[in-house]
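Residue numbers (our numbering): 270 to 757. Quick reminder that beta carbons are idealized off the backbone N, C-alpha and C, glycines included. The structure presented is a predicted model; accordingly, all values stated were derived computationally and were not measured.
What follows is the structure, given as structure tokens:
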């Protein structure tokens with residue numbers, strides 16, 4: 270239902286950029302960054318987040334306006350300008366994993382950011398690496414950075430509060446957090462160096478390491494120094510790891526945002542020193558938000574907040590199909606989408622597929638926490654001012670094999686069956702999961718606060734306008750002209 274993967278650095282040469290075009294465009298995606306964090310903790314922000322809020326064009330009503338608000342679909346919208354229905358990346362497990370391009374020197378999942386074979390790296394088990402799709406070996410500068418073994422030196426490190434405890438209003442003793450273990454400060458990394466390097470992805474220091482790697486990449490690749498505008502895309506995933514484990518209302522997420530703010534301040538300042546403030550264009554956004562722990566929501570009076578596990582229904586339906594048509598998992602359920610692998614083959618064996626799907630739809634509607642069950646084809650004729658309808662239309666391609674889409678009631682979440690520990694979750698077409706920050710700052714950007722509803726697919730056409738580029742295909746987004754200086 271979710272997979273957290275660190276996209277660290279994607280460096281892409283764009284086109285010659287006549288003055289006053291920036292030398293460097295930096296797109297920072299903070300995984301699971303909810304926009305209300307920026308308001309909630311604003312008095313304590315002193316670094317990069319504070320700078321962006323003060324000097325940038327801040328879009329307060331921005332969304333990942335599709336239904337499955339997961340990492341892969343969310344990231345796919347930001348620099349493509351296309352909905353998941355058009356990219357084909359509709360879930361963390363659909364349109365993403367590539368078994369033909371394993372990691373170099375390591376084992377782990379792959380989440381490519383695009384077809385272009387540029388410089389793309391991410392973190393896995395203590396090392397920054399890439400896949401065979403992007404290169405056959407790691408360049409010298411990456412190997413030199415890895416040779417410093419910085420993650421392994423964090424063995425036994427302690428994550429404690431940045432500020433005095435009195436500055437955090439959140440309770441620290443919340444037993445449903447972090448699987449019921451280690452839910453209070455301080456938090457300790459394992460004493461074993463290899464285990465610490467893996468666990469590092471779950472504490473704020475990981476973001477600092479990622480940004481240090483990104484800075485090293487800008488130097489090694491000479492970004493912004495080749496007479497053209499370069500693109501640096503940085504993804505910071507620690508907020509997602511901490512948000513899943515401790516929830517969006519935890520003391521841990523509060524401290525994470527404060528530390529992220531400081532890390533980003535240092536990162537941006539070093540870029541400004543290198544390139545000049547007038548030569549760097551910064552975009553900040555997120556791939557999705559998150560819904561609180563149902564346990565917390567129920568404590569606040571939202572009785573319909575439950576964890577929904579459809580696995581037994583799907584398993585029962587597959588068992589019935591196996592008896593009639595042979596043993597395989599015909600049906601798969603992934604974050605609200607029921608997929609059928611081979612409808613024609615099933616029908617050829619005498620199965621009334623429509624009847625099977627209709628029966629399963631009725632069973633899914635009966636699950637506590639389920640608000641509605643729809644066939645994707647039926648949504649096209651419905652009112653797209655309904656956010657749920659619109660987001661599912663933006664989500665599902667007609668040829669994806671998606672038979673049903675299931676929407677939960679607000680504050681309910683999809684979850685895993687035991688023995689997986691309960692976590693806070695995202696993935697729904699609700700505003701809690703879809704609402705994200707969107708800030709632009711730099712040359713030709715008019716700072717201020719903008720209240721018009723916008724989407725992350727608007728980022729790509731806006732950057733194209735600023736850089737004088739013509740998109741190679743139709744885009745779903747629009748240019749955020751209200752935030753651009755006259756003449757753009």
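Straight through space, the alpha carbons of residue 582 and residue 638 are spaced by roughly 15 Å. In the structure shown, residue 601 adopts extended strand secondary structure according to DSSP, grouped into three states. Looking at the backbone, the Cα of residue 743 and that of residue 711 are separated by about 26 Å. Non-local C-beta neighbours of residue 491 in its own chain, meaning closer than 8 Å and more than five positions away in sequence, are absent. Contact annotation: the stretch 557-572 touches the stretch 508-517, with at least three C-beta pairs closer than 8 Å.
If you look at residue 391, you'll find it in the beta strand (DSSP E) that goes 388-393. For residue 613, the uninterrupted alpha helix (DSSP H) run begins and ends at 612-617, by DSSP.
Residue 730 sits close to residue 746, with the two beta carbons spaced by under 8 Å. Cβ atoms of residue 300 and residue 555 come within 8 Å of each other, at about 7 Å. Fully enclosed alpha helix (DSSP H) runs of no fewer than 4 residues occupy 409-416 of the stretch 384-455, in order along the chain. The criterion of a C-beta distance shorter than 8 Å is satisfied by residue 576 and residue 684. Residue 489 and residue 413 have their C-alpha atoms some 11 Å from each other.
Under the rule that a run must span 3 or more residues, the beta strand (DSSP E) segments found entirely inside the stretch 479-550 read 499-505.
Per the DSSP secondary-structure output, residue 307 pairs with nothing in a beta bridge. Residue 672 carries a strand assignment under DSSP once its states are collapsed to helix, strand and coil. Classified as buried, residue 361 has 16 or more neighbouring CB atoms from the shown chains inside 10 Å of its CB. Separation of residue 519 and residue 502 (C-alpha to C-alpha, rounded to the nearest whole angstrom) is 28 Å. For residue 421, same chain residues with a beta-carbon under 8 Å away, outside a window of 5 residues either side, are 395, 462, 463, 465 and 466 in chain order. In this structure, the alpha-carbon of residue 585 lies about 40 Å from that of residue 399. The DSSP-derived three-state label of residue 649 is coil.
Bridge partners of residue 331 according to DSSP: 705 and 723. Per the C-alpha coordinates, the member of 621, 427, 579 and 593 positioned closest to residue 601 is 579. In this structure the stretch 722-740 lies against the stretch 346-356, because at least three pairs of beta carbons, one per stretch, are closer than 8 Å. Spanning the alpha carbons of residue 574 and residue 453 requires a straight line of approximately 25 Å. Burial is judged here by how many other beta carbons sit within 10 angstroms of a residue's own beta carbon; residue 709 has at least 16 and is buried.
Note that the C-beta distance between residue 705 and residue 676 is not below 8 Å. DSSP, read as helix, strand or coil, puts residue 317 in helix.
Here residue 609 carries a strand assignment [DSSP, helix/strand/coil].
Residue 344 and residue 478 have their C-alpha atoms some 21 Å from each other. In this chain, residue 748 is not harboured by any beta strand (DSSP E), its DSSP state being neither H nor E. Its chain contains 332, 333 and 338 as the residues whose beta carbon lies nearer than 6 Å to that of residue 703, once the 5 sequence neighbours on both sides are disregarded; these appear in chain order. Partner residues in the beta bridge of residue 326, as assigned by DSSP, are 709 and 717.
Annotation for residue 529: 476 place their beta carbon closer than 6 Å to its own, counting only its chain and skipping 5 residues before and after. Here DSSP, grouped into helix, strand and coil, assigns residue 555 to coil. For residue 641, the enclosing beta strand (DSSP E) has its first and last residue at 639-643.
A Cβ-Cβ distance of about 20 Å is found for the pair residue 594 and residue 632, leaving them out of contact under the 8 Å criterion.
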